[in-house]
Amino acid sequence: MKIRRITLYQVKMNLKQPFVTAFGTIHERESLIARVEDEEGATGWGECAAFSAPWYTEETVLTCWHINEDFLIPLILGKTIRHPNEVSGLFQHVRRNPMAKALLEGAVWSLYASKQGQPLAQTLGGTKKQIPVGRAIGIKPMSELLKEIDTALQEGYKRIKVKIKPGREHEILSGIRKHYPELPLMVDANSSYTLKDLELLKSLDQYGLIMIEQPLAYDDLIDHALLQKKLETPICLDESISSLADAQRAIQLGSCRIFNLKIGRVGGIGTAIAIHDFCRDRGIPVWGGGMLEMGIGRAQSIALASLSNFLFPADTGGSAHYWEEDIISPPITVENGYIEIPQKPGLGCEVNLSRMEALTVYLRDFA
Ligand code: MG
């Protein structure tokens, strides 16, 4: 595949309902989409996971634009790439910036899969025909939270994840457990606690949680290892893991028992597969969290989650839960708590060009 053209789109799409985390409220999702084209006119699409502000990790939509325009695109434009795993090698002299890198790497994977005539899931080594999904719910008043859990369960979602923050943990969790004692439930703290909260975090063991995600600092492994020794509830790391080396260190230190594996956060699909395989060989389960992705990013996450060691339901809800109209067709649908793995070559769906046009605030062609 000789890459002859890359188009970067900056897009904005309103969320149907705002998403509240420990950091703030997101009303509209801003993102970057990349389209790569080879000299035979075949195309692939990628989506950037970064948010508008650096509250999840340090990258933002605009830092990713800058890194792509000024550094990454020049490294692959005009190059012949035989396999998407070569992309990370071309990017090796650009330090970190994983979400910026994953945008183009993902587009090259989608191009490669479509040229192989294979669904992306198969190209990645996925074996599942469908994946179970759960619902992630932001911080909201108790009555709304219970209503949303009820709706999600009626729609067939297989587990519920709620965001927690200091001061509201017991209210949220005892409120849920009173109504749903057996519900498969997990929490995400997005780094809201420190080891000073040890007793409080230990008290969460009483709720029978599947896991507690990223309780301590976003870049920590040591304190998580100390905490995990004191907790019955498995810790799952999200923000702390941005490379295979991070995952290896976390396992060595005992910082967690589960990983949340997100393509953007680890710098691309190739690294995500490497972490998956490393964990599989050591009996450490992984699962796929969400980044409020639009359809392209969501299709990639679904393909990755078809790998065998994804052992918990993914955070990947259906398109209709988030958007009036997604940027792909068909949109992603959840039936009875499962998403079918698309069987069409490439991403497994078409990018809706007129919808893309309506959402694009800026675009630039590189050829
Ligand atoms: Mg998380």
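The numbers in my numbering rise by one with no breaks, and the one at position 154 of the sequence shown is 154. Glycine included, every Cβ here is placed at the ideal spot set by N, Cα and C. On a predicted model such as this, the values are computed, not experimentally measured, just so you know.
{"Query": "Endpoints, the alpha helix (DSSP H) within which Pro98 is located", "Result": "Pro98 to Gln116"}
{"Query": "Closer than 6 Å: Gly289 CB and nearest the ligand MG heavy atom", "Result": "yes"}
{"Query": "Neighbourhood of Thr233 by C-beta distance below 7 Å, restricted to the same chain and skipping five residues each side", "Result": "Leu204, Asp205, Leu209, Met211 and Ile212"}
{"Query": "Near the ligand MG: Asp315 beta-carbon under 6 Å from a heavy atom", "Result": "no"}
{"Query": "Range covered by the alpha helix (DSSP H) that runs through Met356", "Result": "Leu353 to Leu359"}
{"Query": "Neighbour-count burial assignment, Tyr362, 16 or more Cβ in a 10 Å radius", "Result": "exposed"}
{"Query": "Assigned secondary structure, His224 (DSSP; H/G/I helix, E/B strand, else coil)", "Result": "helix"}
{"Query": "As assigned by DSSP and simplified to three states, the class of Phe91", "Result": "coil"}
{"Query": "Helix, strand or coil at Val266 according to DSSP, with G and I counted as helix", "Result": "coil"}
{"Query": "DSSP state of Arg82 mapped onto helix, strand, coil", "Result": "coil"}
{"Query": "Test item: CB-CB of Met13 and Cys48 under 7 Å", "Result": "no"}
{"Query": "Cα-Cα separation, Thr360 to Leu244", "Result": "34 Å"}
{"Query": "Where Thr271 falls, given that 16 or more other Cβ within 10 Å makes a residue buried", "Result": "buried"}
{"Query": "Ile328 versus Arg298, Ser31 and Tyr193, residue with shortest Cα-Cα distance", "Result": "Arg298"}
{"Query": "Same chain only: Cβ atoms within 7 Å of Ala152, ignoring 5 sequence neighbours per side", "Result": "Arg135 and Ile160"}
{"Query": "Under the three-state DSSP convention, the category Lys129 falls into", "Result": "coil"}
{"Query": "Own chain, CB closer than 6 Å to Leu173, minus 5 neighbours either side, in chain order", "Result": "Tyr207"}
{"Query": "Those runs of the beta strand (DSSP E) which lie wholly inside the segment 269-347 and span at least 3 residues", "Result": "338-340"}
{"Query": "Sequence-ordered residues whose beta carbon comes within less than 5 Å of a heavy atom of the ligand MG", "Result": "Asp188, Glu213 and Asp238"}
{"Query": "Continuous alpha helix (DSSP H) assignments of at least 4 residues falling wholly in the segment 2-70", "Result": "61-67"}
{"Query": "Local conformation of Asp219 per DSSP, three classes", "Result": "coil"}
{"Query": "Local conformation of Lys193 per DSSP, three classes", "Result": "The residue asked about is misnamed: residue 193 is Tyr in this sequence, not Lys. Note: Tyr193 maps to coil in three-state DSSP."}
{"Query": "Cβ pair Gly288, Ala303 closer than 7 Å", "Result": "no"}
{"Query": "Beta bridge counterpart(s) of Ala136 as assigned by DSSP", "Result": "Lys161"}
{"Query": "Distance, Gly295 Cα to Lys11 Cα", "Result": "Reading the sequence as shown, one finds Val at residue 11 and not Lys. Going by the C-alpha atoms only, they are around 13 Å apart."}
{"Query": "According to DSSP, residues forming a beta bridge with Pro119", "Result": "Gly346"}
{"Query": "Straight-line gap, Leu124 to Thr57 (C-alpha atoms, nearest Å)", "Result": "26 Å"}
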